[in-house]
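J.:
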Amino acid sequence: MSEAIIRTLRKDDYPALIDLVRRTWYAEYDERTGLLAAEADWENCLARVTTAFVAELEDKPVALIVGRIDELDHRSPLNMHRRHSLRKLLQLAFAHDGMAAASEILGTLHVDRQLRKQAANIGHEYSAEVVLFVLDPAARGHGLGRRMFETMMSAFHAAGIRQYFLFTDTTCDVGFYVHRGLTQVCEQSLPASVPGDNPSSFYLYEGSVPEPA
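Anchor point for the sequence shown: position 166 equals 181 in the numbering used here, and the numbering is continuous, going up by one each time.
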């Protein structure tokens, strides 16, 4: 495998990365519904992102990590990306199984808010977040995830961040975060949407920004 180049996110990366989000989290829907859901999710992430890095391999984006540093974000809560996300959620209402997809997105956002509130109630406050981290399955197993995470940690360190948090759930490789020293602060479970399935668990993890090697 060739060495991937890590660089900042560009607007022309969006289509490939939105499709990666679709394939990673919305593959159970038909292509149109999955794409609308991925676009809503994508725009919601961009609404709170200040720092974003892409891994490019053979001229194609294959991984993305985006973060938020509170002191760098001076936008309105209802900024352009938030409005775009709301528009995509409305469009889902007219797509096949779109209401289920919209409910999934809104439900996850609600759980994230609850987890952040739980963390604050026990004294955990943060000024930075890893908002989204996604890697194409074809690019896994070559240390790229580690390089991407270290790149974000370097950006956090340069901004004076010492602690940060992220949301994750049972669909993700939680072991990746544990291996990097993150610890679980709180957890919330939701009942299965399909009878017989296991309930979904959501977590808030926190980590300390390491000193550069």
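Cβ atoms here follow ideal geometry from the backbone N, Cα and C, with glycine treated the same way.
So what's residue 169 in DSSP terms, helix, strand or just coil?
T.: Residue mapping note: residue 169 aligns to position 154 of the sequence shown, counting from 1. Looking at residue 169 - three-state DSSP - the assignment turns out to be helix.
J.: What residue range does the alpha helix (DSSP H) around residue 118 cover?
T.: Start at 1 with the first residue of the sequence shown, and residue 118 comes out as number 103. Residue 118 -> alpha helix (DSSP H) spans 113-136.
J.: Taking just the CA atoms, how far does residue 166 sit from residue 55?
T.: Taking the sequence shown and counting its residues from 1, the one referred to as residue 55 is at position 40. Taking the sequence shown and counting its residues from 1, the one referred to as residue 166 is at position 151. Looking at the two C-alpha atoms, the distance is approximately 26 Å.
J.: Applying the 10 Å Cβ sphere with the 16-neighbour rule, what's the burial state of residue 30?
T.: As a working note, residue 30 is residue 15 in the sequence shown. Burial call: exposed.
J.: Check the C-beta distance from residue 110 over to residue 155 and give it rounded, since I have them as a contact under 8 Å.
T.: As a working mapping, residue 110 is identified with position 95 in the sequence shown. As a working mapping, residue 155 is identified with position 140 in the sequence shown. About 30 Å separates the two Cβ atoms, so there is no contact after all.
J.: By DSSP, does residue 49 sit in helix, in strand, or in coil?
T.: Here the question's residue 49 lines up with position 34 in the sequence shown. Of the three classes helix, strand and coil, the one that applies to residue 49 here is helix, per DSSP.
J.: Run through DSSP, which three-state label would residue 84 get?
T.: Within the sequence shown, numbered from 1, the residue matching residue 84 stands at position 69. If DSSP states are grouped into helix, strand and coil, residue 84 belongs with the strands.
J.: Hey, residue 168 and residue 78: beta-carbon distance below 9 Å or not?
T.: Within the sequence shown, numbered from 1, the residue matching residue 168 stands at position 153. Within the sequence shown, numbered from 1, the residue matching residue 78 stands at position 63. No. Outside cutoff.
J.: Can you give me the C-alpha to C-alpha distance between residue 144 and residue 104, rounded to a whole angstrom?
T.: Here the question's residue 144 lines up with position 129 in the sequence shown. Here the question's residue 104 lines up with position 89 in the sequence shown. Distance between the alpha carbons of residue 144 and residue 104: 24 Å.
J.: When you compare only the Cα positions, how much space is there between residue 204 and residue 22?
T.: Numbered from its first residue, the sequence shown carries residue 204 at position 189. Numbered from its first residue, the sequence shown carries residue 22 at position 7. So the two alpha carbons sit approximately 36 Å from each other.
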